[in-house]
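S.K.: Residue 59 is where the sequence shown starts when you use the working numbering, and the numbers rise one by one after that. Shown below is the structure under consideration.
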Amino acid sequence: MPEMRTQVGIVGAGPAGLMLSHLLHLRGIESVVLESRSRDHVEHRLRAGVLEQGSVDLLCRSGVGERLRREGLRHEGIELRFAGESHRVPMADLTGRAITVYGQQEVVKDLIAARLAAGGSILFEADVVRLDGLDSDSPVVHFRRDGRDEELRCDFVAGCDGFHGVSRGAVPEGVLTTYERAYPFAWLGVLAAAPPAVDELIYANHERGFALYSMRSPEISRLYLQVAPDEDIAAWPDERIWAELRTRLETVPGWSLNEGPILEKSITPMRSFVVEPMRWERLFLAGDAVHIVPPTGAKGMNLALADVALLGDAFAAWYDEGRTDLLDGYSATALRRVWRAQHFSWWMTSMLHRLERDDPYESKLQIATLRYVTTSEAYARSLSENYVGLPEV
Ligand code: FAD
Ligand code: DHB
Numbered sequence: 059m060p061e062m063r064t065q066v067g068i069v070g071a072g073p074a075g076l077m078l079s080h081l082l083h084l085r086g087i088e089s090v091v092l093e094s095r096s097r098d099h100v101e102h103r104l105r106a107g108v109l110e111q112g113s114v115d116l117l118c119r120s121g122v123g124e125r126l127r128r129e130g131l132r133h134e135g136i137e138l139r140f141a142g143e144s145h146r147v148p149m150a151d152l153t154g155r156a157i158t159v160y161g162q163q164e165v166v167k168d169l170i171a172a173r174l175a176a177g178g179s180i181l182f183e184a185d186v187v188r189l190d191g192l193d194s195d196s197p198v199v200h201f202r203r204d205g206r207d208e209e210l211r212c213d214f215v216a217g218c219d220g221f222h223g224v225s226r227g228a229v230p231e232g233v234l235t236t237y238e239r240a241y242p243f244a245w246l247g248v249l250a251a252a253p254p255a256v257d258e259l260i261y262a263n264h265e266r267g268f269a270l271y272s273m274r275s276p277e278i279s280r281l282y283l284q285v286a287p288d289e290d291i292a293a294w295p296d297e298r299i300w301a302e303l304r305t306r307l308e309t310v311p312g313w314s315l316n317e318g319p320i321l322e323k324s325i326t327p328m329r330s331f332v333v334e335p336m337r338w339e340r341l342f343l344a345g346d347a348v349h350i351v352p353p354t355g356a357k358g359m360n361l362a363l364a365d366v367a368l369l370g371d372a373f374a375a376w377y378d379e380g381r382t383d384l385l386d387g388y389s390a391t392a393l394r395r396v397w398r399a400q401h402f403s404w405w406m407t408s409m410l411h412r413l414e415r416d417d418p419y420e421s422k423l424q425i426a427t428l429r430y431v432t433t434s435e436a437y438a439r440s441l442s443e444n445y446v447g448l449p450e451v
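Right, dumping it as C-alpha cells:
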C-alpha cells in the first residue's frame with residue numbers, strides 16, 4: 059500500500075484546512091491536504107460571503123489578499139428593516155472597523171492557487187476513511203484515491219473536514235461533550251444576475267419570516283429567505299422567490315429591489331453546535347468540524363480562519379522551540395471566541411426570524427429589541443463590535 063509522510067496531515071480543503079496549510083508553509087512546516095471532492099467542486103461551492111476585519115487582516119498579512127483587496131467590497135454599516143422602518147447601524151463609526159464582502163469560494167480559490175504556486179500538496183478526490191494512532195507520536199490518515207487505499211503518516215492530524223467529516227468521530231467515546239440547538243427553519247439562498255439595489259446588507263424581520271439582501275459584486279446579488287426546515291426547493295420557482303423577497307424587503311416607501319435571472323438556489327438547515335474539547339491527543343479539530351453557527355451573524359468562515367490562525371502559531375512553537383504550551387492551550391483559547399460567536403449568532407437569529415407560528419409575545423419582544431438596538435448607541439455598538447469581529451475575546 060502506498061505510504062506518504064508529512065509533518066501535519068490536514069483533512070479537508072475548506073477555508074480552515076487550506077489556510078492552515080498556507081500558514082504552516084510560511085513557518086517552514088510541511089503539510090499534505092486531503093480533500094474528498096474535486097478542485098472544481100470546492101472552488102465553486104457557494105457559501106458564506108462576509109469577512110470580519112480580522113479575517114481580512116490575516117489573509118492580507120499572510121500574502122493571499124491581493125485579489126481580496128481589489129475585488130472585496132468594504133462595508134461600513136448594515137441596515138435593519140422591521141415594522142415598516144429601516145435603520146442603518148454605522149458599524150465603522152461605532153467600532154473603527156468594517157467588514158468585507160468577498161465570497162468564500164474566492165477565498166478558497168486564492169488559497170489553492172497560493173499553495174500550488176508554492177509547490178504545496180493538496181490531494182483532491184482523496185476520501186479520508188479513518189484516522190489511526192492518534193495517541194501515538196506517528197498517527198496515520200487512511201484514505202481512498204482512484205479506487206485504491208493509501209496512507210499518510212504524520213506527526214499531527216488537523217481535522218478540518220466540516221460538520222459531516224470523519225475526524226470528530228475518531229475521538230473515543232466519552233471524551234467529547236456536545237452542546238447543540240436546532241432551529242425550526244432553514245434558509246433558501248439564491249444567487250442572481252442583478253445589480254444590488256443597495257450598497258450595504260439589509261437584515262429584515264418580517265411577519266412572514268426573515269430575509270437578507272446581500273451581494274457578491276456590483277453585478278451579482280445574493281439573497282436569502284427563511285423557509286420551513288423540510289422545505290422542498292422544487293416548490294420555489296423563480297417567480298415565487300422574487301415575490302416573497304419583494305414582500306419581505308420592499309417594506310419602505312419608494313424602495314424596490316433589482317431582479318434578474320437566478321443563477322443558483324439551495325436550502326441550508328440551521329443549527330448551533332459545539333464539541334469540546336477541540337483536541338484529543340495528536341488530533342486538532344478546527345472550523346465546522348467542531349462548531350456550527352446559524353449563518354445570521356456571518357461567523358462560520360471567520361471562526362474557521364480564527365481557529366487555524368491559533369493552530370499555525372501553536373505548531374510553529376512546537377517545531378521551532380519544542381514548546382507544547384500553545385498546543386495545550388489551543389482548545390481553551392479557541393473556545394472563548396467560539397462561544398462569543400455562538401451567543402451572537404443565536405441572538406441575531408432569535409431577533410430576526412419568525413420563531414413559532416403563533417407567538418405574538420415573541421414578535422413584540424423582537425421589535426422591542428430591534429428598536430433598542432437602532433436607538434441606543436451602546437446596544438448598536440455591542441451588535442457592531444460582534445459583527446465586525448472582536449480582536450480579543
Ligand atoms: P468546510 O468549508 O465545510 O470544509 C470542509 C472540507 O472537508 C470540505 O471541502 C469537504 O469536502 C472536506 N471533507 C469532508 N469530509 C472529508 C473526508 N472524509 N475526507 C476528505 N475531505 C473531506 N456561513 C456564513 O457565515 N454564511 C453563509 O451564508 C453560509 N452558508 C453556508 C451554506 C452551506 C450549505 C454550508 C454547509 C455552510 C454555510 N456557512 C455559511 C458556513 C461556512 O461556509 C462554514 O463555516 C465554512 O465553510 C467552514 O469552513 P471549514 O473549512 O471549517 O469547513
Ligand atoms: C451572507 C451570508 C450571511 O450569513 C450573512 O449573515 C450575511 C451575508 C452572504 O452570503 O453574503
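Don't be surprised by glycine CBs; every beta carbon is placed ideally from N, CA and C.
With 16 other CB atoms within 10 Å as the buried threshold, where does T433 fall?
M.R.: As a first step, residue 433 is located in the sequence shown; it is residue number 375 there, counting from the start. T433 comes out exposed.
S.K.: Considering just the uninterrupted stretch of the beta strand (DSSP E) at I425, what are its terminal residues?
M.R.: Sequence index remark: in the sequence shown, residue 425 carries index 367 (1-based). I425 -> not in any beta strand (DSSP E); alpha helix (DSSP H) instead, spanning P418 to T433.
S.K.: Using DSSP's beta-bridge definition, name the partner residues of T326.
M.R.: The residue labelled residue 326 in the question sits at position 268 within the sequence shown. Per DSSP, W245.
S.K.: Determine the DSSP secondary structure at D296, reduced to helix, strand or coil.
M.R.: Within the sequence shown, the letter at position 238 stands for residue 296. Correct three-state label for D296: helix.
S.K.: Between the Cα of S389 and those of Y430, G123 and T235, spot the shortest distance and give me the residue it belongs to.
M.R.: To locate residue 389, count along the sequence shown from 1; it is residue 331. Comparing Cα-Cα distances from S389 to each of Y430, G123 and T235, the minimum goes to T235.
S.K.: Given the structure, does T354 come close to the ligand DHB, in the sense that its CB is under 7 Å from one of the ligand's heavy atoms?
M.R.: As a working mapping, residue 354 is identified with position 296 in the sequence shown. Result yes, Cβ under 7 Å from the ligand DHB.
S.K.: Given that a residue counts as buried once 16 or more other Cβ atoms are within 10 Å of its Cβ, and exposed if not, what is A344?
M.R.: Within the sequence shown, residue 344 is the residue found at index 286, counting from 1. Classification of A344: buried, given that the 10 Å Cβ count is 16 or more.
S.K.: Quick check on the DSSP output: the beta strand (DSSP E) that includes H200 runs from which residue to which?
M.R.: Along the sequence shown, one-based indexing puts residue 200 at 142. First-last of the beta strand (DSSP E) with H200: V198 to R203.
S.K.: Would you mind working out which of V285, P287, G72 and A255 sits nearest S272, comparing C-alpha positions?
M.R.: On the sequence shown, residue 272 is found 214 positions in, with the first residue counted as 1. The option with the nearest alpha carbon to S272 is A255.
S.K.: Determine contact between the segment 294 to 310 and the segment 135 to 151, defined as no fewer than three beta-carbon pairs at a distance below 8 Å.
M.R.: With a cut-off of 8 Å, the segment 135 to 151 and the segment 294 to 310 count as touching, because enough Cβ pairs lie within range.
S.K.: For D207, which residues does DSSP report across the bridge?
M.R.: For this step, residue 207 is matched to residue 149 along the sequence shown. Answer by DSSP bridge pairing, in chain order: R202.
S.K.: Can you list, in chain order, the residues of its chain with a C-beta nearer than 8 Å to that of E414? Leave out the 5 residues immediately preceding and following it.
M.R.: By one-based count along the sequence shown, residue 414 stands at place 356. For E414, where only same-chain residues beyond five positions count, the Cβ hits under 8 Å are P242 and E420.
S.K.: Roughly how many whole angstroms lie between the Cα atoms of R340 and V215?
M.R.: Counting from one through the sequence shown, the residue named residue 340 turns up at place 282. Counting from one through the sequence shown, the residue named residue 215 turns up at place 157. Their Cα atoms are separated by approximately 6 Å.
S.K.: Mind checking D193: buried by the 16 CB within 10 Å criterion, or exposed?
M.R.: Sequence index remark: in the sequence shown, residue 193 carries index 135 (1-based). Answer is exposed; the Cβ neighbour count stays below 16.
S.K.: Which residues mark the beginning and the end of the alpha helix (DSSP H) in which T391 is found?
M.R.: Numbered from 1 along the sequence shown, position 333 holds the residue referred to as residue 391. D383 to L410 is the extent of the alpha helix (DSSP H) around T391.
S.K.: D190 lies in the alpha helix (DSSP H); which residues open and close that run?
M.R.: What you label residue 190 is simply residue 132 of the sequence shown in a count that begins at 1. Counting along the chain, D190 falls outside any alpha helix (DSSP H), though it belongs to the beta strand (DSSP E) covering D185 to D190.
S.K.: CB-CB under 7 Å to A252, same chain, minus the five flanking residues each way: which ones, in chain order?
M.R.: Residue 252 sits at position 194 when you count from the first residue of the sequence shown. So the qualifying residues of the chain are S279, N316, E317 and G318.
S.K.: With a threshold of 7 Å, establish whether the CB of C218 neighbours any heavy atom of the ligand FAD.
M.R.: As a working note, residue 218 is residue 160 in the sequence shown. Indeed, a heavy atom of the ligand FAD lies less than 7 Å from the Cβ.
S.K.: Taking 7 Å as the line, does the beta carbon of R280 fall inside it for any heavy atom of the ligand DHB?
M.R.: Stepping through the sequence shown from its first residue, residue 280 is reached at position 222. Answer for R280: yes, Cβ within range of the ligand DHB.
S.K.: Where does A292 land, buried or exposed, given buried means 16+ other C-beta within 10 angstroms?
M.R.: Within the sequence shown, numbered from 1, the residue matching residue 292 stands at position 234. Result: exposed.
S.K.: Quick check on Y430: buried or exposed, where buried means 16 or more other Cβ atoms within 10 Å of its Cβ?
M.R.: For the purposes of this step, residue 430 is identified with residue 372 of the sequence shown, where counting begins at 1. Exposed, since its Cβ has fewer than 16 Cβ neighbours within 10 Å.
S.K.: Just to confirm before moving on: does the CB-CB distance between D207 and M62 stay below 8 Å?
M.R.: Counting from one through the sequence shown, the residue named residue 207 turns up at place 149. Counting from one through the sequence shown, the residue named residue 62 turns up at place 4. It is not a contact, given that the beta carbons lie outside the stated cut-off.
S.K.: Hey, would you say A269 sits closer than 8 Å to V108, going by beta carbons?
M.R.: Against the sequence shown, residue 269 aligns to sequence position 211. Against the sequence shown, residue 108 aligns to sequence position 50. For A269 and V108, no; Cβs fall outside 8 Å.
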